[in-house]
Amino acid sequence: MFGPYTHDEVHKRFPFFRSNPLGAVINGDGSLRPINDLSFPRNDPQVPSVNSFVDADNFPTTWDDFNHVSKFFRGRTKPCLLALFDWEKAYRQIPTAKDQWPYLLVQDFNDQLYVDTRITFGGVAGCGSFGRPADAWKHLMMKEFDLVTVFRWVDDNLFIKEIESEADMEAVFRRSAQLGLKTNEEKFCNFAEEQKFIGFIWNGTRKTVRLPPGKLQERITQIREFQTPKKKFHYNQVEVLAGRLNHVSHLLPQLRCYLCGLYAWLKSWRNKKAKQPVTDTVKLDLEHWMITLCSFKETHIIPNPEPTEIGWMGDASTSYGIGVLIGRHWARFRLANGWEGSLEPRQNIAWVETVAIRIGLCMLQKLGVREGKTLIVWTDNTTTEAAIRNRRSHDFNVNEEWKAIQQLLVELQVDLAARRVTSAENKADGLSRGDSSGLDPASQLPVMLPLDLDSLFWQC
0 MFGPYTHDEV
10 HKRFPFFRSN
20 PLGAVINGDG
30 SLRPINDLSF
40 PRNDPQVPSV
50 NSFVDADNFP
60 TTWDDFNHVS
70 KFFRGRTKPC
80 LLALFDWEKA
90 YRQIPTAKDQ
100 WPYLLVQDFN
110 DQLYVDTRIT
120 FGGVAGCGSF
130 GRPADAWKHL
140 MMKEFDLVTV
150 FRWVDDNLFI
160 KEIESEADME
170 AVFRRSAQLG
180 LKTNEEKFCN
190 FAEEQKFIGF
200 IWNGTRKTVR
210 LPPGKLQERI
220 TQIREFQTPK
230 KKFHYNQVEV
240 LAGRLNHVSH
250 LLPQLRCYLC
260 GLYAWLKSWR
270 NKKAKQPVTD
280 TVKLDLEHWM
290 ITLCSFKETH
300 IIPNPEPTEI
310 GWMGDASTSY
320 GIGVLIGRHW
330 ARFRLANGWE
340 GSLEPRQNIA
350 WVETVAIRIG
360 LCMLQKLGVR
370 EGKTLIVWTD
380 NTTTEAAIRN
390 RRSHDFNVNE
400 EWKAIQQLLV
410 ELQVDLAARR
420 VTSAENKADG
430 LSRGDSSGLD
440 PASQLPVMLP
450 LDLDSLFWQC
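Every letter in the sequence shown is one number past the one before it in numbering that gives the first Met the number 0, and letter 448, counting from 1, is 447.
Spelled out as structure tokens, the structure:
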């Protein structure tokens with residue numbers, strides 16, 4: 000950045016130029032990052048902003064998010080070692096073309112002008128403009144060193160190598176310096192079993208992932224604040240909570256449905272400067288989050304984001320009961336007298352269909368389901384399909400059943416994905432009506448039902 004200059008001095012060099020105000024954003028560590036606010040002025044048709052002339056789609060770049068990294072580790076058959084490389088002030092290492100300088104001037108608080116000659120955080124093309132040289136550097140490193148791959152998230156880079164590889168990050172550091180790249184030495188880590196990347200601790204030998212130390216307690220404390228009776232909150236406080244819990248949901252995808260209330264609350268906000276009390280839906284959602292975060296196993300097997308087909312079909316009927324097929328294994332349960340219950344609202348067919356899902360999970364628990372899987376459940380019922388997708392229902396008893404299912408999903412470290420099948424193609428349809436013809440009796444799986452279901456169903 001060159002300057003300061005007066006307006007007259009700049010005008011002698013650039014007959015036409017644009018100045019933008021100096022802005023700032025708060026980093027994760029609480030420090031301030033100055034930005035050249037190219038989105039200013041906002042909503043002024045007379046003076047369009049610099050960003051309004053730029054199409055961000057013309058500046059694509061690669062991003063390696065949680066799902067990309069998870070898919071890689073799940074596909075590994077051997078252990079590997081991980082290392083970190085972080086660009087020092089990444090954007091500020093990339094120069095801009097001189098013909099762009101007239102549009103990138105920054106005005107300070109004394110009406111003095113500075114010529115910004117580097118990529119700015121306030122420009123919509125920033126990510127792509129940085130991403131192109133960053134991608135080129137990544138491919139150079141993979142070409143010159145014995146690496147499996149390199150994952151990149153803006154200026155953070157996760158290097159992966161085989162255990163027997165002789166690649167060393169000190170050599171990567173020296174080669175990058177020769178290319179003119181500055182490194183953040185505080186975030187530079189040589190190869191080891193574990194590294195922190197995109198906010199999670201990844202283990203390349205055990206194939207596990209977890210939150211960094213202290214982060215779980217931070218989320219619990221954050222939720223507890225929103226459970227304070229009668230307390231009101233600013234829009235940005237809710238926005239931060241939603242973002243933080245959305246991050247945790249990569250570890251606990253079973254809880255993503257309990258983010259909907261927060262996002263609906265944000266969408267309903269009219270005056271973003273006004274405080275609002277917590278909505279009833281958000282209160283219920285945060286209860287689910289609190290209970291789970293206080294009890295779940297922190298270190299998880301790295302999940303596979305791709306759904307897995309295991310031949311799971313379930314069905315229910317009030318004339319008989321429940322039938323579940325998982326591969327060649329099957330189970331059949333008959334409804335006991337009085338299954339509807341004596342209290343209003345009474346349990347109905349939608350509840351029985353939902354119980355069929357929990358029974359399927361109990362079968363998988365006995366069979367030994369592999370942690371980290373997203374399992375496909377085939378159903379011919381629209382209500383069940385929606386319940387699996389939304390993890391909630393307008394039906395009170397279905398919601399109560401889903402609480403038990405969610406708890407079991409977290410315990411087993413698996414998730415569900417619904418797929419639709421016609422009644423004619425649903426192999427569990429006959430089972431739900433008591434017909435087990437065509438099924439191998441030796442493949443019938445005895446299942447011990449949870450206590451709350453034991454008196455309402457009996458296996459036959």
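For each residue, glycine too, the CB sits at the ideal point set by N, CA and C.
Within 10 angstroms of the Cβ of residue i, are there 16 or more other Cβ atoms? Answer buried if so, exposed if not.
{"i": "leucine 283", "result": "exposed"}
{"i": "arginine 357", "result": "buried"}
{"i": "alanine 315", "result": "buried"}
{"i": "isoleucine 387", "result": "buried"}
{"i": "isoleucine 25", "result": "exposed"}
{"i": "lysine 296", "result": "exposed"}
{"i": "asparagine 35", "result": "buried"}
{"i": "tryptophan 457", "result": "exposed"}
{"i": "histidine 10", "result": "exposed"}
{"i": "aspartate 428", "result": "buried"}
Taking the alpha helix (DSSP H) that residue i belongs to, which residues open and close that run?
{"i": "aspartate 134", "result": "125 to 143"}
{"i": "leucine 465", "result": "Given a span of 0 to 459 for the chain in the structure shown, any question on residue 465 remains unanswerable."}
{"i": "phenylalanine 280", "result": "The residue asked about is misnamed: residue 280 is threonine in this sequence, not phenylalanine. Unbroken alpha helix (DSSP H) run through threonine 280: 279 to 292."}
{"i": "leucine 261", "result": "259 to 267"}
{"i": "isoleucine 162", "result": "Here isoleucine 162 belongs to no alpha helix (DSSP H), and DSSP marks it neither H nor E."}
{"i": "valine 68", "result": "65 to 73"}
{"i": "glycine 340", "result": "Unbroken run through glycine 340: none, as it is neither H nor E."}
Compare the Cα-Cα distances from residue i to each of the options and report the closest residue.
{"i": "alanine 166", "options": "Phe196, Leu251, Thr119 and Cys79", "result": "Cys79"}
{"i": "threonine 382", "options": "Met447, Gln406 and Glu352", "result": "Glu352"}
{"i": "glycine 74", "options": "Gly203, Ala82 and Phe120", "result": "Gly203"}
{"i": "leucine 415", "options": "Val368, Val49 and Pro211", "result": "Val368"}
{"i": "tryptophan 338", "options": "Thr317, Ala330, Ile159 and Cys259", "result": "Thr317"}
{"i": "glycine 310", "options": "Pro445, Glu169, Met362 and Phe16", "result": "Met362"}
{"i": "threonine 280", "options": "Leu265, Thr291 and Lys272", "result": "Leu265"}
{"i": "arginine 173", "options": "Ile348, Glu143 and Ala191", "result": "Glu143"}
{"i": "serine 435", "options": "Lys229, Phe129 and Arg327", "result": "Arg327"}
{"i": "leucine 244", "options": "Phe58, Cys256 and Tyr234", "result": "Cys256"}
{"i": "leucine 178", "options": "Leu408, Leu444, Gly29 and Ile93", "result": "Ile93"}
{"i": "histidine 246", "options": "Gly260, Lys214 and Glu184", "result": "Lys214"}
{"i": "leucine 250", "options": "Thr95, Glu410, Thr116 and Ile162", "result": "Glu410"}
{"i": "glycine 198", "options": "Asn156, Ile222 and Ala335", "result": "Asn156"}
{"i": "asparagine 270", "options": "Ser294, His233, Ala241 and Leu258", "result": "His233"}
Check the DSSP bridge columns for residue i and list the partner residues they point to.
{"i": "arginine 390", "result": "In DSSP, arginine 390 forms no bridge with anything."}
{"i": "serine 18", "result": "Leu104"}
{"i": "lysine 229", "result": "None, per the DSSP bridge assignment."}
{"i": "methionine 477", "result": "The structure shown does not extend to residue 477, since the chain is modelled only from 0 through 459, so no value can be given for it."}
{"i": "asparagine 35", "result": "Leu21"}
{"i": "alanine 416", "result": "Ile375"}
{"i": "cysteine 188", "result": "Leu83"}
{"i": "asparagine 202", "result": "Glu193 and Thr207"}
{"i": "asparagine 398", "result": "The partner list for asparagine 398 (beta bridge, DSSP) is empty, contrary to what the question assumes."}
{"i": "isoleucine 300", "result": "Thr207"}
{"i": "valine 149", "result": "Phe158"}
{"i": "alanine 330", "result": "Val323"}
When the distance is taken between beta carbons, is residue j closer than 7 Å to residue i?
{"i": "asparagine 312", "j": "lysine 426", "result": "Residue identity differs from the one stated: residue 312 is methionine in this sequence, not asparagine. Yes, they are a contact pair."}
{"i": "lysine 461", "j": "lysine 231", "result": "In the structure as shown, the chain begins at 0 and stops at 459. Residue 461 is therefore absent and cannot be evaluated."}
{"i": "valine 208", "j": "isoleucine 325", "result": "no"}
{"i": "proline 304", "j": "asparagine 42", "result": "no"}
{"i": "phenylalanine 158", "j": "alanine 82", "result": "yes"}
{"i": "tryptophan 329", "j": "leucine 455", "result": "no"}
{"i": "valine 49", "j": "tyrosine 4", "result": "no"}
{"i": "glutamate 192", "j": "isoleucine 200", "result": "no"}
{"i": "valine 114", "j": "glycine 2", "result": "yes"}
{"i": "valine 149", "j": "lysine 137", "result": "yes"}
{"i": "threonine 76", "j": "aspartate 134", "result": "no"}
{"i": "alanine 349", "j": "valine 397", "result": "yes"}
{"i": "aspartate 145", "j": "serine 175", "result": "no"}
Which residue marks the beginning of the beta strand (DSSP E) containing residue i, and which one marks its end?
{"i": "glycine 2", "result": "1 to 4"}
{"i": "tyrosine 113", "result": "112 to 114"}
{"i": "threonine 353", "result": "It is not in any beta strand (DSSP E) - threonine 353 instead sits in the alpha helix (DSSP H) that spans 348 to 366."}
{"i": "glutamine 458", "result": "456 to 458"}
May I ask you to check if the CB of residue i is nearer than 6 Å to at least one heavy atom of the ligand SAH?
{"i": "aspartate 155", "result": "Of ligands this structure carries none, so the ligand SAH is not represented either."}
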